[in-house]
Amino acid sequence: MKNLITAVLMTIVTTILLGLVYPLAVTGLAQVIFRDKANGQLIRRADGTITGSRIIGQPFSSPGYFHSRPSAAGTTGYDASASSGSNYGPTNKKLIERIKADVAQAQVDNPGRLVPVDLVTTSASGLDPDSTPAAAEFQVARVAGERGLSEDEVRCIAAAHTSGRTFGLLGEPRVNVLLLNLALDERKPMPKP
Amino acid sequence: MTANGWLQILLFFAITFALTKPLGVFMTRVFGGERTFLHPVLRPVERLLYRLTGVDETREMRWTEYATAMLLFSLVSLLLLYLIQRLQGVLPLNPQKLPGVDAASSSTGFAASAFNTAVSFTTNTNWQSYVPETTMSYLTQMAGLAYHNFTSAAVGIALAIAFIRGIARRESATIGNFWVDFVRCNLYVLLPICLVGALVLVSQGVVQNFRPYDTAKLVDPQTVEVDKKDAAGNVITNADGTTQKERQTVTEQTIAQGPVASQEIIKEFGTNGGGFFNANSAHPFENPTPFSNFFELLCIFAISAGLTYTLGRMTGSQRHGWAVFAAMTVLFFVGIAVSYWAEARGNPLLAGTDQTASALQPGGNMEGKEVRFGVANSALWATVTTDTSCGAVNSMHDSFTPLGGLVPLTNIMLSEVVFGGVGSGLYGVLIYVVLSVFIAGLMVGRTPEYLGKKIEAYDVKMAMLNVLIFPLLILVLAAISSVAPSFGTSQLNNAGPHGLSEILYAFTSGAGNNGSAFAGISANTYWYNTTTGLDMLFGRFFMIIPMLALAGNLARKKTVPPSLGTFPVTSPLFTTLLVSVIVIVGALTFFPALSLGPVVEHLLMRACQTF
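See below:
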């Protein structure tokens, strides 16, 4: 019986300490020390509207933009309130057919070339902000043509938004697609249709 | 596979190794009641907690009372979590105005989903049949779910310490005080490191706020084809069985926010694994950079590795601690080698794609993986999260190649003893140690001894009880589900052998208190919520009780001095025997099921068969 009373009291006391005081303390410190990062690294336009988060991917499919990876988040893809992978197994017909169609579409720009695998596979979160440098290189010619820029200049802008491995060791090289496309728009906006 | 990939894996392991002794020594001091450098700050808080809850810290408990206190605490905190979920609609810190969990089905009286979640977090499983960002309010996440990340980890560690005391003490009726072990673990081990670690994560970009979800205007608005739905929200199908499509323009992105970092750190450090978001540690807000990924991986292994040192220290046989560590190391490297190799090799069915590793891309099977992690870090994480009972994921195991996915599944089936869950990994492996010693004793024809304690019939019975409950739960529940089209197989996302793997993984993950999933399975149904709920509950507590009984019995025994016939538990021979026993018990039990799932799928994939 004594242990039951202790169990109830312990639950209440530790809930206050670990469930309320601790997260509030972390929030307080984080908001003071790392304000931008704690709030999701949002990109705002001059009028205050939010363009996106620097670390959350967005869908891009217009020819003048570097495309992002396919996404299984939400019903429409890149839904940052419903993160998800496709969860298709490696022998699933739906997966094989989806990739077949995406490969065909991607090869329109580069007939006969193998498509970098990340460009036609969904990410784990459905919100992957990055694509590989290989996927960017694969699209340079198309983007340069659509925007009337030289391929070298587009490559140069892409390189500025490419991160290498952390300390030269951890993770994989990657290109932030949203930041790259915003930089392209700044350099030379797409001609109005 | 690349040299860089292996370098990352080796560096990860080297740092884990380096952390083992300092953490092990620290935990020995904390649970032995010795002063540490944190005492000037935390000792008054500890005293205050005892005063508020009526705990006498000098009082020792027999194993039965220790078990009772642990069960009562688990029950009370489980009920509180259930209540918080059901009442979150009227509680504060709910900017998205989410209703109570299962509010829609509450007319039936039994909220299967809320029950499942409450059990899941109390048992350190963190299986999630719900989508967090559209289900749980900020208050539920932090005071309900993150709270249990602390307490279920502390319960596990307390139990492991109690078990070690059982081995170390002689002619003693008691194995410690549950409340004291529990409080000390939370205050000295978990809380300080989480406070610092959470800020490290925020510095990498893990969010920590109470903002309502933000809305962004897309740079490149999209027109997408989606399934057409009727007024009731059901998909409309044509006469020929295909679904009707409609075009929809998407111009905005809703960005979920929340107090993530404070939960993320304890989720890894306490080997809990329940994501703040549906995509878990693959979500950029939970795991934004390669560095955060590396840091989180270290947190998953840290305590469990340290506990092997604590074992050596408390039992006075440091070399025994290292012998157990060595056995774990062997199993870790086998797992990562197979899984990394399989994922880097890729999927032969994806014609027209370039899956070769180069300077510009990691290549391999990238379905369900993030670019910043690539195949090396995804395979490493999948191995680490299932070596332990963590279950957080940074890639989708369901989309792994068959052999790549076989590794996490097998790791859990070996009872997660490769470092293992915090506490549960250590007492899990000690059960196997007792069995190994027993088998060695049979081979030489002498009464087996373990660190001076004679291992007798009662001890082996308790150990076997612990070993047998686990496959019984998994195989029976998976068997029922896989022959039930209406409630079992109808919830699968993949056909063929992969579907069986999804079911098998679900119940293995539940009974092993892991919480990762072949997540294609739609487990938020009455059947799966209830059965996986019971699976987790029995998988935790029915295994703990025989383990504590064994600890209590060991504590009572006299020690006998080692003789020539004693099988030393410090030698490479012992390590080899321990690895063999773990593998043989696991393989004998689960090989038939595995051969029908991942193994068959692998052969069919190489033969280019799809489902």
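So the sequences go chain by chain: A and B.
Letter 145 of the first sequence, counting from 1, is numbered 145 in the numbering used here, and no numbers are missing.
Add 1000 to a position in the second sequence, counting from 1, and you land on the number used in the numbering used here.
Glycine residues also receive a C-beta, built at the ideal position from the N, C-alpha and C atoms.
Owing to the predicted nature of the structure, the values given are computational and were not obtained by experimental measurement.
- B/Phe1291 belongs to the set of residues whose beta carbon lies under 7 angstroms from a beta carbon in chain A.
- When beta bridges are read from the DSSP output, B/Ala1326 appears opposite no residue.
- Counting other Cβ atoms within 10 Å of its Cβ, B/Ile1303 reaches 16 or more and is therefore classed as buried.
- B/Phe1121 and B/Thr1151 have their C-alpha atoms roughly 9 angstroms apart.
- Looking at the DSSP output, B/Arg1247 bridges to B/Glu1225.
- Neighbourhood of B/Val1076 in chain A, by CB distance below 7 angstroms: Ala7, Val8 and Thr11, in chain order.
- In the structure shown, the three-state DSSP call for B/Arg1446 is coil.
- Within the DSSP bridge table, the entry for A/Ser163 names A/Arg174 as partners.
- When the alpha-carbon of B/Phe1333 is set against those of B/Ala1382, B/Arg1345, B/Gly1321 and B/Gly1374, the nearest one is in B/Ala1382.
- At a C-beta separation below 7 angstroms, A/Val120 has these neighbours in chain B: Thr1353.
- Taking a contact as a CB-CB distance under 8 angstroms, the pair B/Ala1376 and B/Ser1571 does not count as one, their CB atoms being some 34 angstroms apart.
- Comparing C-alpha distances from A/Phe138 to each of A/Ala124, A/Ser163, A/Tyr22 and A/Gln105 shows the shortest one belongs to A/Gln105.
- Per DSSP, A/Arg113 lies in no beta strand (DSSP E) segment and is marked neither H nor E.
- For B/Gly1552, the enclosing alpha helix (DSSP H) has its first and last residue at Tyr1526 to Arg1556.
- Close CB contacts of B/Pro1095 within its chain, under the 6 angstroms cut and outside five residues either way in sequence, are with Pro1212 (chain order).
- Taking 8 angstroms as the upper bound for CB-CB distance, B/Glu1268 and B/Cys1390 are in contact here, some 7 angstroms apart.
- The C-beta of A/Asp128 comes closer than 7 angstroms to at least one C-beta of chain B.
- Looking at the DSSP output, B/Lys1454 shares a beta bridge with B/Glu1449.
- Scanning its chain for C-beta atoms nearer than 7 angstroms, with the 5 sequence neighbours on each side dropped, one finds around B/Arg1169 the residues Ala1555, in chain order.
- Interface annotation, B/Gly1033: not in contact with chain A, CB-CB separation never under 7 angstroms.
- If you look at A/Ile33, you'll find it in the alpha helix (DSSP H) that goes Tyr22 to Ile33.
- The DSSP-derived three-state label of A/Ser131 is strand.
- Counting of Cβ neighbours within 10 angstroms places B/Cys1608 among the exposed residues, the total staying below 16.
- Chain-ordered listing is empty here: chain B has no CB closer than 8 angstroms to the CB of A/Gln139, the nearest sitting near 13 angstroms.
- Residues of the segment 1503-1514 of chain B that bring their beta carbon within less than 9 angstroms of a beta carbon in chain A are absent altogether.
- In chain order, Leu1038 place their CB closer than 7 angstroms to the CB of B/Pro1192, counting only its own chain and leaving out the 5 sequence neighbours on each side.
- For B/Pro1290, the CB contacts under 8 angstroms within the same chain, skipping 5 residues up- and downstream, are Arg1372, Phe1373 and Asn1377 in chain order.
- In the three-state scheme derived from DSSP, where H, G and I count as helix and E and B as strand, B/Pro1022 is classed as helix.
- Nearest CB-CB separation between A/Asn176 and chain B: not below the 7 angstroms threshold.
- Where B/Thr1589 is concerned, the enclosing alpha helix (DSSP H) starts and stops at Pro1572 to Leu1594.
- Within the same chain, and ignoring the five residues on either side of B/Asn1238 in sequence, the residues whose Cβ sits closer than 8 angstroms to its Cβ are Gln1244.
- The residue from A/Thr27, A/Pro59, A/Leu20 and A/Ile96 with its alpha-carbon nearest to that of B/Phe1611 is A/Ile96.
- Residues of the same chain with a CB within less than 7 angstroms of the CB of B/Phe1438, apart from the 5 flanking positions on each side, are Pro1448, Ile1455 and Val1460 in chain order.
- Neighbours of B/Trp1179 in chain A, taken as residues at a C-beta separation under 8 angstroms, are given in chain order as Thr6 and Met10.
- CA-CA distance, B/Gly1488 to B/Trp1527, rounds to 8 angstroms.
- The continuous alpha helix (DSSP H) containing B/Arg1086 extends over residues Trp1063 to Leu1087.
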